[in-house]
Amino acid sequence: MMTPDNPFPLSGYHGPEYFCDRKQETDAIIRNITNGVNTTLLSLRRMGKTGLLFHVMETLVRQKKAQCIYLDAYTTQDLRAFTNALASAALKTFPEKKPFGKILLEWIKAMRPVISFDPVTGSPEIELDFKQPEQFEHTLSGLFAMLEKQDKRVVVIIDEFQQISNFPEKNMEARLRSLIQHLKQTRFIFCGSDQHLLSDMFNNVKRPFFASTQTIRLNPIPDPIYAAFIESKFQKAKRKIDSGAIDFILKFSRTHTFYTQSLCNRLYADGIKHIKQETVAITALRLLSEQEPVFFQYRSLLTMQQWNLLRAIAIEDTVQKPHSKHFIMKHQLESASNVQRSLDALIKKEMVYKEQTEDGVFYRVYDCFLSRWLSKMR
Ligand SMILES: Nc1ncnc2c1ncn2[C@@H]1O[C@H](COP(=O)(O)OP(=O)(O)O)[C@@H](O)[C@H]1O
Ligand SMILES: [Mg+2]
Numbered sequence: 005m006m007t008p009d010n011p012f013p014l015s016g017y018h019g020p021e022y023f024c025d026r027k028q029e030t031d032a033i034i035r036n037i038t039n040g041v042n043t044t045l046l047s048l049r050r051m052g053k054t055g056l057l058f059h060v061m062e063t064l065v066r067q068k069k070a071q072c073i074y075l076d077a078y079t080t081q082d083l084r085a086f087t088n089a090l091a092s093a094a095l096k097t098f099p100e101k102k103p104f105g106k107i108l109l110e111w112i113k114a115m116r117p118v119i120s121f122d123p124v125t126g127s128p129e130i131e132l133d134f135k136q137p138e139q140f141e142h143t144l145s146g147l148f149a150m151l152e153k154q155d156k157r158v159v160v161i162i163d164e165f166q167q168i169s170n171f172p173e174k175n176m177e178a179r180l181r182s183l184i185q186h187l188k189q190t191r192f193i194f195c196g197s198d199q200h201l202l203s204d205m206f207n208n209v210k211r212p213f214f215a216s217t218q219t220i221r222l223n224p225i226p227d228p229i230y231a232a233f234i235e236s237k238f239q240k241a242k243r244k245i246d247s248g249a250i251d252f253i254l255k256f257s258r259t260h261t262f263y264t265q266s267l268c269n270r271l272y273a274d275g276i277k278h279i280k281q282e283t284v285a286i287t288a289l290r291l292l293s294e295q296e297p298v299f300f301q302y303r304s305l306l307t308m309q310q311w312n313l314l315r316a317i318a319i320e321d322t323v324q325k326p327h328s329k330h331f332i333m334k335h336q337l338e339s340a341s342n343v344q345r346s347l348d349a350l351i352k353k354e355m356v357y358k359e360q361t362e363d364g365v366f367y368r369v370y371d372c373f374l375s376r377w378l379s380k381m382r
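No gaps in the numbering here: position 63 of the sequence shown is 67 in the working numbering, and each next residue is one more.
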């Protein structure tokens, strides 16, 4: 693994050294794996699910507890692509030079696939092209049966799992569920961002995956833990960061992992020796202004009413009662029914998210930086 130059990398997983916390979640997922429980991992986008999955894989492999097959379903659009991607992912985990990898490759080859090789990693990409969709199901079922027979436990991780509900094949959930429900050794982790869709898949009595997994919701990393992490990274580079500056970072970014990392990455890149609160304020504004072209693009995708509501929510940061007279008057919005219509549209476009907490429901602009920028706009 290459060491990143900046201790706050913005993509990929770079080992435990660059990974903040998530101890409880890592332990909980590993406990599930060793106790025969499948896991569903949910959170807002950019909160750190994929990072956590890679962290869990790293831990499992280092502790020699399991072998992991990772599939990002986001790039698959039907059962065929899904099957091919899973077969390719399995070959990546079990390369040909390992005994089981050899058996696996022979088995796949018997189905006469087109095999190409990834130019960067050199790992094989499988392309099965059956006429009948059932043949893909057979392949999946055969693949799982082979994984079951491994002496070492196999964990199959499917990221962006909600994608399967977009497949043109009917009853994808029921088909997959029936393929995996009899497996005794192989464990699954389902992961996704489309909170509502995915949680409905696992929590709705009428759906095939109902109550078949344990759900873990990924919340922001606790402020004190993230603060200590940030401080230690600057200290290690012989630089000083004031505690007021760290507070500012966490507040500005809502401790929403991607946004916190982005701000820290920039502060580190700027090379300033002593970072004060003012330094962060200036850097944050600069980050926002660099993104203006993207933000303006968002505007072109929304109606005037939607844009005005989005801005009103951003100004408040969190809104509990968007239909209240007070909120509507204060931000010169139109009627409550108008607000409702715009709100529905903004949620559907994932521009706003709705969160249910003990204190009730609240709404926020999804993209934290867009929210900060909107609230500053005149
Ligand atoms: N625990 C962590 N510590 C440091 N950076 C993290 C952590 N988790 C995620 N990240 C970073 O935050 C960003 C978003 O994380 P990602 O895992 O892609 O989110 P998600 O899969 O929920 O959309 C990525 O740039 C990732 O490198
Ligand atoms: Mg992800």
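Beta carbons are placed, not taken as given, at the ideal position from N, Cα and C, and that holds for glycine.
| Item | Value |
| --- | --- |
| Would you mind giving the Cβ-Cβ distance between isoleucine 317 and arginine 270, rounded to the nearest angstrom? I have them listed as a contact below 8 Å. | Not quite, the Cβ-Cβ distance comes to about 26 Å (not below 8 Å), so this is no contact. |
| If we ignore side chains and look at the alpha-carbon of each, how far apart do histidine 200 and proline 103 end up? | 42 Å |
| Note down, in chain order, each residue of its chain lying with its Cβ closer than 8 Å to the Cβ of threonine 30, except the 5 sequence neighbours on either side. | Leu56, His59, Val60, Thr63 |
| DSSP state of arginine 181, grouped into three classes? | helix |
| What residues are listed by DSSP as bridge partners for tyrosine 367? | Val323, Lys358 |
| Mind the definition here: the segment 90-107 touches the segment 178-187 only if three or more C-beta pairs lie below 8 Å; say whether that holds. | no |
| Is there contact between the segment 140-159 and the segment 65-81, where contact requires at least three CB pairs shorter than 8 Å? | yes |
| Tell me which residues share the same chain as alanine 349 and place their Cβ nearer than 6 Å to its Cβ, disregarding the 5 neighbours each side in the sequence. | Gln310 |
| Around the Cβ of histidine 278, are there at least 16 other Cβ atoms within 10 angstroms (buried) or fewer (exposed)? | exposed |
| By DSSP, does tyrosine 74 sit in helix, in strand, or in coil? | strand |
| Answer yes if the segment 197-217 comes into contact with the segment 43-53, meaning at least three C-beta pairs across the two stretches below 8 Å, and no otherwise. | yes |
| Cβ atoms of isoleucine 107 and isoleucine 130: under 8 Å apart, would you say? | no |
| Cβ-heavy atom distance between lysine 156 and ligand 2 below 7 Å? | no |
| From the DSSP output, read off the bridge partner residues of proline 128. | Phe121 |
| Does the separation of the CB atoms of serine 127 and leucine 151 fall below 8 Å? | no |
| For glutamine 165, I'd like the list of residues in its chain whose CB is within less than 7 Å of its CB, leaving aside the five on either flank, ordered along the chain. | Here the sequence assigns phenylalanine to residue 165, which means glutamine is not the residue at that position. The answer, listed in chain order, is Ala77, Phe194, Cys195, Gly196, Leu202. |
| What is the residue span of the beta strand (DSSP E) that leucine 48 lies within? | Here leucine 48 belongs to no beta strand (DSSP E), and DSSP marks it neither H nor E. |
| Which residues bound the alpha helix (DSSP H) around aspartate 31? | 27-38 |
| Quick one: grab the DSSP three-state call for arginine 191. | strand |
| Count the other C-beta atoms from every protein chain shown that fall within 10 angstroms of the C-beta of aspartate 163, then say buried if there are 16 or more, exposed otherwise. | buried |
| Tell me whether glycine 16 sits in a helix, a strand or coil according to DSSP, three-state version. | coil |
| From the DSSP output, in three-state form, read off aspartate 251 for me. | helix |
| Return the bridge partner residues of glycine 275 from the DSSP annotation. | Glycine 275 is not bridged to any residue. |
| Beta carbon of methionine 381, beta carbon of tyrosine 370: below 8 Å? | no |
| How many angstroms separate the CA atom of phenylalanine 140 from the CA atom of phenylalanine 98? | 20 Å |
| Give the DSSP-derived three-state secondary structure of asparagine 170 in the structure shown. | helix |
| Does isoleucine 351 come out as helix, strand or coil in the three-state DSSP assignment? | helix |
| Quick check on the contact list: which residues have their beta carbon closer than 6 Å to a heavy atom of ligand 2? | Lys53, Thr54, Asp163 |
| Is it right to say glutamate 320 is buried, meaning 16 or more other beta carbons lie within 10 angstroms of its own, or is it exposed? | buried |
| When you compare the CB positions of threonine 259 and proline 224, do they come within less than 8 Å of one another, or not? | yes |
| How long is the line joining the alpha carbons of leucine 75 and alanine 340, rounded to whole angstroms? | 43 Å |
| Please classify asparagine 36: is it buried, with 16 or more other beta-carbons within 10 angstroms of its beta-carbon, or exposed? | buried |
| What residue range is occupied by the uninterrupted alpha helix (DSSP H) comprising isoleucine 107? | 103-113 |
| Alpha carbon to alpha carbon, how far is glycine 52 from aspartate 9? Give it in angstroms, no decimals. | 21 Å |
| Where does aspartate 204 fall in DSSP's three states? | helix |
| Between aspartate 25 and ligand 1, is the CB less than 7 Å from at least one heavy atom? | yes |
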